[in-house]
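Structure, as structure tokens:
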Amino acid sequence: MPTTTHEERRSAAPLSSARPRLAYSLARVMICLCDDFNSVPNPPGPAQYDGKPPEPFYYEKEASSNRSPSLQPPKRRAPAAASAPEPKARQSKLAKEHNITAAEENEIREAFALFSHKKRGEKEGVIPISDVRRAMIALGIPPTPEELEEFISILDDEQEGFAEYPSFVAICALKLHHRDKNSDTHAQEVEEAFALFSRDGEDKITLATLKGVAKMLREDVEEDLLRDMILEANGGKGVGRGVEKGEFEGIMRRAGVWR
Numbered sequence: 001m002p003t004t005t006h007e008e009r010r011s012a013a014p015l016s017s018a019r020p021r022l023a024y025s026l027a028r029v030m031i032c033l034c035d036d037f038n039s040v041p042n043p044p045g046p047a048q049y050d051g052k053p054p055e056p057f058y059y060e061k062e063a064s065s066n067r068s069p070s071l072q073p074p075k076r077r078a079p080a081a082a083s084a085p086e087p088k089a090r091q092s093k094l095a096k097e098h099n100i101t102a103a104e105e106n107e108i109r110e111a112f113a114l115f116s117h118k119k120r121g122e123k124e125g126v127i128p129i130s131d132v133r134r135a136m137i138a139l140g141i142p143p144t145p146e147e148l149e150e151f152i153s154i155l156d157d158e159q160e161g162f163a164e165y166p167s168f169v170a171i172c173a174l175k176l177h178h179r180d181k182n183s184d185t186h187a188q189e190v191e192e193a194f195a196l197f198s199r200d201g202e203d204k205i206t207l208a209t210l211k212g213v214a215k216m217l218r219e220d221v222e223e224d225l226l227r228d229m230i231l232e233a234n235g236g237k238g239v240g241r242g243v244e245k246g247e248f249e250g251i252m253r254r255a256g257v258w259r
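Each residue of the sequence shown is one higher than the last, beginning at 1 in the UniProt record's numbering.
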């Protein structure tokens with residue numbers, strides 16, 4: 001039986017197919033290094049999802065959601081090949097009401113669509129209350145337990161078991177504004193966390209530094225997995241290139257480590 005090398009195996013399978021597993025693994029390493037362990041929410045494990053769209057149905061009050069879609073952030077559409085730049089999207093009335101950009105609302109809509117079901121009279125459908133947290137994690141703004149409890153009381157004050165799109169936009173806008181106000185604090189957190197993974201004077205995370213982290217934690221991690229972590233974080237630009245600070249922050253957001 002012919003054997004395949006590690007590089008051949010990687011090229012045979014899309015890198016994105018390993019995203020939930022790798023993001024989760026890297027997030028767990030990050031959590032182990034956090035001084036304030038209890039303040040960091042556990043990121044969800046990779047969900048089993050076959051990539052096929054669910055069968056459409058109309059959501060009724062007594063229905064419940066058993067789906068467990070992928071927790072990957074909403075995929076951004078590739079820009080259309082055109083000579084002229086795309087016109088800037090206009091803010092909807094809802095976006096203006098909550099002071100968010102058209103791009104921000106589009107990302108909220110895509111996250112909502114990952115978990116939504118059709119419902120008569122609702123253009124965007126509805127989202128089961130049990131999936132609200134997952135949708136917010138997909139947006140990179142996971143709620144704290146206290147926030148989630150408050151949001152659910154706002155989204156489902158009649159205890160019907162689902163939330164409508166306008167209300168979901170409202171709570172996501174609140175989280176986005178809160179994150180913007182705390183950008184200075186967050187920048188400091190990124191600096192401190194990145195320093196745990198990078199050597200003194202280095203501006204990137206390398207394979208050697210990841211090996212050092214694993215050794216310090218007494219974790220037996222295969223080198224292939226560490227290589228895949230680097231490639232996942234830097235978008236497949238090469239193991240030798242390492243991971244820059246912005247890329248490190250991005251994968252931590254996708255894993256739900258940072259709010």
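Where a beta carbon is used, it is the ideal one built from N, C-alpha and C, also for glycine.
* To do: Counting only the same chain and skipping the five closest in sequence on each side, list residues whose C-beta sits under 7 Å from that of residue 284.
  => One cannot answer for residue 284 here, as it falls past the ends of the chain, which runs 1 to 259.
* **Helix, strand or coil at K161 according to DSSP, with G and I counted as helix** => For clarity, residue 161 is Gly in the given sequence; the question names Lys instead. Coil, per DSSP.
* **Reduced DSSP secondary structure (H/G/I, E/B, other) of T145** => Here residue 145 is Pro; the residue named in the question, Thr, does not match the sequence. Looking at P145 - three-state DSSP - the assignment turns out to be helix.
* In whole angstroms, what is the alpha-carbon distance linking I251 and E122? -> 33 Å
* Measure the C-alpha to C-alpha separation of R199 and R179 and round it to an integer number of angstroms. => 28 Å
* Roughly how many angstroms separate the alpha carbons of K96 and L207, rounded to a whole number? -> 45 Å
* Asked: Terminal residues of the continuous beta strand (DSSP E) containing V126?
  -> 122-128
* **Euclidean distance between Cα positions of E107 and R120** => 23 Å
* Asked: Taking the continuous beta strand (DSSP E) assigned at K237, which residues delimit it?
  -> Where K237 is concerned, there is no enclosing beta strand (DSSP E), given that its DSSP letter is neither H nor E.
* Asked: When the Cα atoms are used, what is the spatial distance from D157 to F115?
  -> 20 Å
* Asked: Under the three-state reduction of DSSP, which class applies to G246: helix, strand or coil?
  -> helix
* Identify which residue in D228, G246, R90 has its Cα closest to the Cα of A195. => G246
* What number of angstroms, rounded off, separates the C-alpha of L94 from the C-alpha of A187? -> 30 Å
* I205 bridges to which residues according to DSSP? -> V243
* Asked: Name the DSSP bridge partner or partners of K119?
  -> E122
* With 8 Å set as the bound, which would you pick, yes or no: does the beta-carbon of T144 sit closer than that to a beta-carbon of chain B? -> Absent from the structure is chain B; it holds one protein chain and no more.
* Express the C-alpha separation of L231 and E239 in angstroms, rounding to a whole number. => Here residue 239 turns out to be Val, not Glu, going by the sequence shown. If you take the alpha carbons of V239 and L231, they lie about 6 Å apart.
* Asked: Roughly how many angstroms lie between the CA atoms of V213 and V243, to the nearest whole one?
  -> 15 Å
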